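Read in order, the letters of the sequence shown correspond to residues 10 to 110 in the numbering used here.
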Amino acid sequence: MSIIHVTAENFEESVLKNEKTVILDFYADWCGPCRMLGPVLEKIADERDDVAVAKVNCDDVPSLAEAYGVTSIPALFIIKNGEVANQAVGFMPKEKVLALL
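Here is the structure:
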């Protein structure tokens with residue numbers, strides 16, 4: 010499955026109403042750890058049909074980052090049934106991302 014690029018307009022449908030568990034990644038293009046995490050999330054998106062991976066560029070949609078209290082990036086939120094089920098900050102290998110699920 011491909012990565013969902015989230016905007017303010019598609020957030021509710023793509024993340025909150027998604028039937029799958031969503032890994033929601035708050036990132037910025039200039040952030041080194043975010044760029045390192047990108048390929049990890051792409052691999053998960055390719056390998057797991059039961060999980061949706063969604064990315065929010067904090068520079069493009071600061072209102073969503075603010076709504077989730079994001080102060081450091083990358084910030085991952087695990088969304089299940091529209092609710093935050095888990096969260097973590099910083100780069101992590103694939104195994105640790107999957108352990109959040």
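We put the beta carbon where it would ideally sit given N, CA and C, even for glycine. All figures in this text were calculated on a predicted structure; none of them were measured in a lab.
Q: Determine the direct distance from the alpha carbon of Val15 to that of Val106, and round the result to whole angstroms.
A: 19 Å
**Q.** Environment of Val93 [buried if 16+ CB atoms lie within 10 Å]
**A.** exposed
Q. What's the gap between the Cα of Asp59 and the Cα of Ala108?
A. 14 Å
Q) Could you give the distance in angstroms between the alpha-carbon of Asp34 and the alpha-carbon of Val65? A) 6 Å
Q. According to the neighbour-count rule (16 or more other Cβ atoms, all chains shown, within 10 Å of its Cβ), is Ala63 buried or exposed?
A. buried
**Q.** Length of the line joining the Cα atoms of Arg44 and Leu50
**A.** 10 Å
Q.
Classify Leu25: buried if its beta carbon has 16 or more other beta carbons within 10 angstroms, exposed otherwise.
A. exposed
Q. Under the rule that 16 or more other beta-carbon atoms within 10 Å means buried, what is Pro83, buried or exposed?
A. buried
Q. From what residue to what residue does the beta strand (DSSP E) around Val93 run?
A. Glu92 to Val98
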